[in-house]
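These notes are about the structure you will find just below.
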Amino acid sequence: QVQLVESGGGLVQAGGSLRLSCAASGSIFSINAMGWYRQAPGKQRELVATITNGGFADYADSVKGRFTVFRDYAKNTVYLQMNSLKPEDTAVYYCNAQSYFRKDYWGQGTQVTVSS
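Take 11 as the starting number for the sequence shown in the numbering used here and just add one per residue.
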């Protein structure tokens with residue numbers, strides 16, 4: 011089992027920045043990739059960004075050039091640096107870890123609200 015604890019959400023004005031953090035514990039050795047998803051009210055959960063153990067990162071088109079996902083392997087932590095935030099980025103952001111066995115683990119979610 012893998013446990014994920016997120017932090018860093020909050021309220022920010024449009025154009026501002028936030029950094030989300032997600033610390034993993036438990037069966038760390040089983041993790042193949044980590045990343046972030048988000049879910050806005052009335053919408054389905056969607057991929058924001060992921061990064062593999064090898065450092066390959068993938069982003070949703072809507073956040074490319076504004077968001078950066080990176081990992082601190084020593085701290086078993088994944089980060090999401092969000093710049094140039096827009097009101098449409100408002101959502102609950104969930105940390106995700108995927109194991110080599112394709113099992114998904116989720117954090118509890120952290121609210122990000124961007125005011126116009």
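All residues carry an ideal CB built from backbone N, CA and C; glycine is no exception.
Per the DSSP secondary-structure output, Val12 pairs in a beta bridge with Gly36.
Under the three-state reduction of DSSP, Asp99 is assigned to helix. Per DSSP, the unbroken beta strand (DSSP E) holding Ala59 starts and ends at 56–62. In this structure, Thr60 keeps its C-beta atom at 8 Å or more from the C-beta atom of Asn42. As DSSP reads the structure, Asn106 sits in a beta bridge with Gly45, Trp116. For Asp82, the enclosing beta strand (DSSP E) begins and ends at 77–82. Cβ contact annotation for Tyr110 (same chain, cutoff 7 Å, sequence separation greater than five): Ser40, Asn42, in chain order.
Our two residues, Ala107 and Arg55, have alpha carbons roughly 15 Å apart in a direct line. When the five nearest sequence neighbours on each side are left out, the beta carbons in the same chain lying within less than 6 Å of the beta carbon of Gly18 are those of Arg29, Leu30, Ser31, in order along the chain.
Under the three-state reduction of DSSP output, Ala70 falls in the coil class, being neither helix nor strand.
Contact between Phe77 and Tyr83 fails: their C-beta atoms lie close to 20 Å from each other, not under 8 Å.
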